[in-house]
Structure formats: structure tokens, C-alpha cells
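Q:
Numbering (UniProt numbering), first residue to last: 1 to 664.
(1) Quick check on the DSSP output: what are the complete alpha helix (DSSP H) runs of length 4 or more inside the region 401–475, in order along the chain?
(2) With burial defined as no fewer than 16 other Cβ atoms inside 10 Å of the residue's Cβ, what is the status of residue 26: buried or exposed?
(3) So what does DSSP say about residue 362, is it helix, strand or coil?
(4) Which same chain residues, not among the five before or five after residue 659, have their C-beta less than 6 Å away from its C-beta?
(5) Could you give the first and the last residue of the continuous beta strand (DSSP E) run that contains residue 84?
(6) For a test of the three-state rule: what should DSSP assign to residue 286, helix, strand or coil?
(7) Starting from residue 266, follow the alpha helix (DSSP H) in both directions and report where the run begins and ends.
(8) Between the region 315–335 and the region 355–363, do at least 3 Cβ pairs fall closer than 8 Å?
(9) If you compare alpha carbons, which of 60, 221, 389 and 70 is closest to residue 30?
(10) Distance, Cα to Cα, residue 453 vs residue 96?
(11) Give the secondary structure of residue 241 by DSSP, where H, G and I count as helix, E and B as strand, and everything else as coil.
(12) At 4 residues or longer, what runs of the alpha helix (DSSP H) sit wholly inside the region 100–140?
(13) For residue 344, I'd like the list of residues in its chain whose CB is within less than 8 Å of its CB, leaving aside the five on either flank, ordered along the chain.
(14) Hey, how far is the Cα of residue 427 from the Cα of residue 405?
(15) Look at the Cβ atom of residue 37, then the Cβ atom of residue 65, and state whether they are nearer than 8 Å.
(16) Suppose you measure from the CA of residue 109 to the CA of residue 352; what does that come to, to the nearest Å?
(17) Per DSSP, what kind of secondary structure is residue 317 in: helix, strand or coil?
(18) With a 10 Å radius around its C-beta and 16 neighbouring C-beta atoms as the bar for buried, classify residue 327 as buried or exposed.
(19) Touching or not, the region 430–437 and the region 250–259, by the rule of three or more beta carbon pairs under 8 Å?
(20) Measure the C-alpha to C-alpha separation of residue 546 and residue 408 and round it to an integer number of angstroms.
(21) Looking at C-alpha atoms only, which residue of 332, 266, 623 and 84 is the closest neighbour of residue 741?
(22) Excluding the 5 residues flanking residue 83 on each side, which residues of the same chain have their C-beta closer than 8 Å to its C-beta?
(23) Which one of 244, 285, 325 and 303 has the shortest CA to CA distance from residue 372?
(24) For residue 189, I'd like the list of residues in its chain whose CB is within less than 7 Å of its CB, leaving aside the five on either flank, ordered along the chain.
(25) With 16 as the cutoff for other CB atoms within 10 Å, does residue 448 come out buried or exposed?
(26) Applying the 10 Å Cβ sphere with the 16-neighbour rule, what's the burial state of residue 20?
(27) Using 8 Å as the Cβ pair cut-off and three pairs as the minimum, do the region 374–383 and the region 261–272 touch?
(28) With which residues is residue 611 paired in a DSSP beta bridge?
(29) Write down the C-beta distance between residue 674 and residue 55 rounded to the nearest angstrom, noting that I regard them as a contact closer than 8 Å.
(30) Taking 8 Å as the threshold, find out whether the region 410–417 comes into contact with the region 299–312 through three or more Cβ pairs.
(31) Following the continuous beta strand (DSSP E) through residue 381, name the residue where it begins and the one where it ends.
(32) Quick check on the DSSP output: the alpha helix (DSSP H) that includes residue 209 runs from which residue to which?
(33) Does the distance from the CB of residue 600 to the CB of residue 491 come in under 8 Å?
(34) Per the DSSP calculation, residue 373 is bridged to which residue(s)?
(35) Take the Cβ of residue 193 as the centre, count every other Cβ of all protein chains shown within 10 Å, and call the residue buried at 16 or more, exposed below.
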């Protein structure tokens, strides 16, 4: 529908132009209908031009268009066109629940009367689901009875009676002007029409200013209310156009749009692995091992007091989820309802069950900035979760964080309480500023992989958790690693590091590694290799062509520098399967085993010596710094002591002189 600027006698235009011929030919070739009004839709101000009908309605497969007509209601010379479409259609409901005007006393009384508490526990999934569904239905029933509804204001402002009366007079003058043939009378009517139109615009503008000033006068908290008001003005309504299908056609219904978006979201959250990896069997075996583990229970019963504390923190300006339960309903629950909800949550914790009803979410598609709105992949999903599920997640979080808080590194700032990414950026800025003051340049590498979180291989991550085993050398390494890898420590070599290391210590350690019962193929031995007092540098020491085990250490370079190094090492199986030289084809397993023990002991001895050297240099540096600090402290204390002693002597002399003067 619109102004095609196409004239043709087929739709009763006084003349025909080229666009009219093109439109008529296109209609005959593509099988659609052109609807037009019986009266002209364009009346020129100049009487030399005849009224015409450039405004048309095109329809295809819609045969119930009727009552098409013009409306002399606006100030433009293009008259509005109205028509009716006969048939059934679904209009989006404009009703909403007015929680601010709810009868909360009646709501609590109704919920309280329909809940029967018992001492029985919910011991199965079906019992939990039935109790939860009954609880949710009761809340929705009470909402429908005690929470009034209202209709959304679709921004149609009610005009004052004076402006409405002026609009009626303007329309009457317009109709007279269109029917008048006398040029002088028509010119006078046009002057009156323009004056009335100016008065109407000024009145509407004053009304808008009055409404805006009234809205600003209601702002209580400028920092938050003004931001919310500005956001509502800047935000645009979400309108999804017809989306492109894989075959190149466009969607014609809301259902088709939902299917296209669902397929796009599913593809975004699917694994990117489309080949058979050699590690899949290994990962599958690791998952079987994990499934055989005894599940760790974090079951600690919750209490109504804890539920109340979580409910009080819920925000009212949050949209409800798929179940339609608003946070305002939870904030006005009676005590019996909270006790019943506590029983349901405790049952879920006891049997490690998350209800299926809480796994449903209302998904809203948001267009990505700068993307094509006609493609399903240009949208990102926003999931509105159930308020009850968020409450349960808060209960789980308190118990989970009590178990895992010591496992998280201090460098992990995202998604942690009392840790903000802004603080991490402040650390980066401080680091850059420090090196700028030293005249050094700082580079930064930022990595942002598209869809990395949604397409991560979760089975591979679980596999990474169980494949690494740790052998600690010395009590210090055990004290450090036990906090993070307590379940992965295979063995601990005590009483090493107190005295200068010997080859005997390294031999015993190598024998313990080879006979610990853990079949390893690769690994890392981490130790310090001295380079200098203040720096480390990573380097490699190749031993074989086939890499199996890496020994990472810090290599001694100077008094002020350390270097982090790797040494590859092999298991006996890896050495046996490696290509052999012709002269050594007759090596048996005993020789290889002896060589492995000697080779491993040699590298461990080398690492132990480097570590001892690094520790000794660190101790020397620490002692030197302590001596310097002690010297500075002695000087300050000596100065303070001398000043205090001088003050005491001066005070005693004053007392003696004063006493002598008094005796005279």
C-alpha cells in the first residue's frame, strides 16, 4: 500500500503515464490485485490539475479486502486510505498485571488456606514435580484473583476537548475547500485552514511539554530514574522482519520466524567438531572414569530464613520467565508457602535433581549491532528464566562456593563475588604505567574467539580435569599444590631440599616415579633453574626426537636472572616403540629399564641442583635485603633514641636549674 505515482484508466485516473502501464503489466504477469478508492486520493491545491488516484493497495491471495475509501482527516493534500480485511486474526493482548494495586492481604490468605503442610519428605522425582506444579498453579490462581489487570498504553495521548473541537472545525473547512469551485472563496478557506492547523500544532506541542515536565517532576533519584528515562527514549521497539530461509525465500508467518531463529541458536551452541578426532576414545574413557567416581554431595539443608533472605534481594523490575511467576508474588508469600518451597528445594538438593519445569525459558531475539536483520544468525538470544529457578540457583551457589572458593585462582576476576573486571583493568593500567615510568614499552594481546563459550567441548574439559597427576618433591611443593590439586597428587618425596641434593636422592626419586603404579606417557616436572635474581626465561633441552614427558624448571643464568626450561622425558613404552639404531637392535627391556632409571635420575639430579642453586640465591638476596633494611632501621632507631635522650637530659637540666633558682 502506498503512493506509486502510477496513473492508469484501470483505476479511474484521468490520464495514463508510463509507470501506470508498467504496474498494470506487472499485475497481469504476477497474479495480484490492485485495489483503489472510488474517490480521488490526491487533490491538487492548483485548480489547473485534476484530482487523481496515485494511492493504491496491492494484495495477493487476500480476497476479503472491502470498504476501501478515503478519509479527509489530515492536513496533507494526500488523503488517507482506509480499507477492511474480513477474516479472523489474533491480536496481541495488551493486558498486564498491575502488581502495585494488588490485594496482597487477600493473596496471602488465599495461598495460606490452600496449602497443607505435612511431615513427609518428597523422596522421588515425580513427587517433587507434582508438588512444584501444584505450588506454581496455586500462585497463578491467586494472582488472577487478587492482582488487577490493566491495558498497555500504546502511546495514544488523550487530546483536550478544545484541540479536538478545533480538529473537527479544520476537517469541516477542508471538506468545504475541496468542494468549492470559486477561487477567491477557496483561497479564503485555505487561509482559515492553515490558521487552524497552526493552532492545533501549537496546542499539541504545549500538551507534550506539559506531559514531559510532569514526568520529570516525578523523578526522585536523578542518578537512576533519569538514566532509565533516557534509555526508554533511546530504545527502539524490536521488530523482526521476514527472515531468509535456506532456500532463499522469506518467512511468511511468526511460526516460520521462530523456526529460523531456533535453528540459528541451535547451530551457534553446537560443537564445531565435524571430524573424527584421535582423542575421542581417550576422552570417552576419561568420562567413564568420572562416572564411576562417588558423587560429592553438597547437600546442606536450607532453611526458611535463608529463603526469605534471598527473596528480599529479588528485584521487582524484572520480567518473569516462562511460568509467568513475577518476583512480586514471591515477595508476598505467606510463611506456609515459604516452608513448602523450602521442603521442595531440600528434596531437590537431597537427590541432586533440578526440576524440568525450571529448565524452560522464554527466549527473546536481540539483533546484533551492525548485522543484517533478515538473517537468523544476526540475532542473539536473551533467556528469561523462572524466578523460582533463580532462587534455587542462589541456594546451590552458596553451597557450591563454600566448596570451590579455595580452588579458584586470585587472577580469576570474572563471575566472582567481590571481583570485578574493572579491577582487573585497573591492575593492567597500573602495570602499564609502572613500565612507562621505567622507560619500557608494554604490549597487550587480546583474544576474543567467536562463539567460544557456546561451542566449547565440555567432554574435553572434563577429560583435562582427570588426566593430570602430580608428584611433589619436598614439603613446600606439597603445601602449595595440595590446595588446588589435592585429588591429583600421586606421591610426595619428603626430606628433599633441606640438605644439598645428591645423586642418591635423584635415584630414589626416579625409582619412586617409575614404580608409583601410575602409567604415564607424558608429563611435566616443574622446578627452578637459576638465571638471575629477578628474571626467568623459558628454554628447551631436547633429549629424544619423540616427545613424551616435559620437565619444566628454572635454569641458572646469573645472580639476578632465572630461566624457565623444559626437558622432554619418556616412559619405557615410548622408548621401546621409538625407531632404533641398527647397532642397538638387540637391546632388551632390562637394558631399556636401566637406561630409563639412569636418564630420569640424571635429569632429576640436574633439576634438583638447579633448584637448590635458585633457592640459595633467593636466600642470599633475601638476607642481603634484610640486612639493608635492618641497617636503615638501626639508623632510624638510633636517631630516635638520641633525640629522646637529648630531650630527657634537657628536661632534667631545666628541673635542676629551676630548683637551684628556687633555693636562692
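Cβ atoms here follow ideal geometry from the backbone N, Cα and C, with glycine treated the same way. Bear in mind the structure is a predicted one, so any value in this text is a computation, not a measurement.
A: Based on what the coordinates show:
(1) Fully enclosed alpha helix (DSSP H) runs of 4 or longer: 421–437 and 458–467.
(2) exposed
(3) Assigned with DSSP and collapsed to three states, residue 362 falls in strand.
(4) Leaving aside the five residues that flank residue 659 on each side, none in its chain has a CB nearer than 6 Å to its CB.
(5) 81–85
(6) helix
(7) 254–268
(8) Three or more beta-carbon pairs separated by less than 8 Å link the region 315–335 to the region 355–363, which places the two stretches in contact.
(9) Among 60, 221, 389 and 70, the Cα nearest to that of residue 30 belongs to 60.
(10) 36 Å
(11) coil
(12) 104–113
(13) 122, 128, 131, 132 and 135
(14) 22 Å
(15) no
(16) 33 Å
(17) coil
(18) Burial is judged here by how many other beta carbons sit within 10 angstroms of a residue's own beta carbon; residue 327 has at least 16 and is buried.
(19) no
(20) With a pLDDT of 29 at residue 546, under the threshold of 50, the modelled position of this residue cannot be trusted, and the question is left open.
(21) Outside the shown range of the chain (1 to 664) lies residue 741, about which nothing can therefore be said.
(22) 35, 57, 65, 66, 67, 68 and 69
(23) 244
(24) 173, 176, 177 and 180
(25) exposed
(26) buried
(27) yes
(28) The partner list for residue 611 (beta bridge, DSSP) is empty, contrary to what the question assumes.
(29) As shown, the chain starts at 1 and ends at 664. That puts residue 674 outside it, with no answer to give.
(30) no
(31) 379–384
(32) 183–217
(33) no
(34) DSSP lists no partner for residue 373.
(35) buried
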